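Working notes, beginning with the structure itself.
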Amino acid sequence: IREQYDLKEIDLTLESEIPKLDLIIVARPVRSWPLADKYKLDQFIMNGGRVMFFIDNLLVDMSQVSATDYYAQPVAHGLDDLLFRYGIRINPDLVQDAVSLPFPVVTGTEAGRSQITPLEWPMIPLINTYADHPATRNLDASLFRFVSSIDTIKAVGVTKKILASTSPYTRVVTSPVRVSTSDLREQLNPELFNKGSVPVGVLLEGKFTSLFKNRFKYDL
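The sequence shown begins at 3 in the working numbering and counts up by one.
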């Protein structure tokens with residue numbers, strides 16, 4: 003990316019307003035966004051700025067997934083109201099896809115050594131269903147780790163295009179979601195993967211309505 007773009011980190015708490023940029027990437031927030039920072043981001047979008055949101059609604063600690071009673075933890079990032087106003091809702095769930103990445107799991111021992119077998123893990127889907135759009139055209143399969151489903155919401159003036167979807171053999175598990183590699187040793191029931199394709203990436207374009215419309219600035 004650095005070969006074609008200038009990248010830098012921005013601390014919105016130190017900025018009176020967002021400087022002129024081509025794009026902002028909101029990458030996996032794990033803390034609640036202060037209202038004042040959401041206002042700066044919102045105004046950046048209202049003035050024609052582009053933003054890419056990469057959000058985990060449920061967080062998985064890979065160091066814990068070998069336990070049998072580990073559950074994905076909800077993330078209070080505080081961006082739900084902003085995204086809802088723009089036209090999408092990221093659900094508190096995890097998508098399981100029969101088209102997934104093999105994950106190495108200890109399945110036994112032999113001569114005192116652990117035997118590791120790669121087993122399909124539906125919570126790490128390989129996404130290969132894309133829209134015919136410049137952002138996704140000619141993409142190979144993409145790895146999505148512990149991704150949530152996305153719903154589109156009516157938003158006047160905003161068009162939605164589903165850029166990436168799971169395969170037709172999908173299951174959606176709502177929170178609380180147990181995440182354990184011990185489940186991989188069990189035979190998957192194909193009848194459970196009957197949800198059909200589920201959106202996991204959405205493009206929003208158009209004239210957006212500010213989350214802060216008709217609100218006084220001193221409320222921030």
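A virtual CB, placed ideally from N, CA and C, is assigned to each residue, including glycine. No experiment lies behind these values; they were computed from the predicted model shown.
Residue i versus residue j: straight-line alpha-carbon distance, rounded
| i | j | result |
| --- | --- | --- |
| V200 | R33 | 27 Å |
| W123 | G203 | 20 Å |
| S116 | P106 | 11 Å |
| K209 | K163 | 15 Å |
| E19 | G51 | 13 Å |
| H135 | K22 | 26 Å |
| P31 | P127 | 21 Å |
| F55 | A69 | 30 Å |
| L9 | Y73 | 35 Å |
| I27 | L190 | 36 Å |
| N59 | F148 | 9 Å |
| T183 | D63 | 12 Å |
| V101 | D153 | 21 Å |
| A133 | H79 | 28 Å |
| F86 | T111 | 50 Å |
| V175 | V108 | 25 Å |
| E17 | L37 | 14 Å |
| D39 | L213 | 12 Å |
Run of the alpha helix (DSSP H) containing residue i, from where it starts to where it stops
| i | result |
| --- | --- |
| Q45 | L37 to M48 |
| L84 | D82 to Y88 |
In DSSP terms, what residue i is bridged to
| i | result |
| --- | --- |
| Y132 | A166 |
| T245 | No statement about residue 245 is possible, as the shown extent of the chain runs from 3 to 222 and does not include it. |
| E112 | R115 |
| V160 | G208 |
| E122 | P104 |
| I3 | Answer is none; I3 lacks a bridge partner. |
| R180 | Y73 |
| I92 | I152 |
| S144 | I129 |
Whole-Å CB distance - residue i paired with residue j, under 8 Å assumed
| i | j | result |
| --- | --- | --- |
| T138 | L165 | 5 Å |
| Q45 | F195 | Rounded, the Cβ-Cβ distance is 43 Å, inconsistent with contact. |
| R237 | K197 | One cannot answer for residue 237 here, as it falls past the ends of the chain, which runs 3 to 222. |
| K42 | L14 | 5 Å |
| L206 | V158 | About 13 Å separates the two Cβ atoms, so there is no contact after all. |
Opening and closing residue of the beta strand (DSSP E) in which residue i lies
| i | result |
| --- | --- |
| G208 | P201 to G208 |
| F56 | V53 to F56 |
| S153 | One point to set straight first is that residue 153 is Asp, not Ser, in the sequence displayed. Where D153 is concerned, the enclosing beta strand (DSSP E) stretches over I152 to T154. |
| A231 | It is not possible to answer for residue 231, since the shown part of the chain is limited to 3 through 222. |
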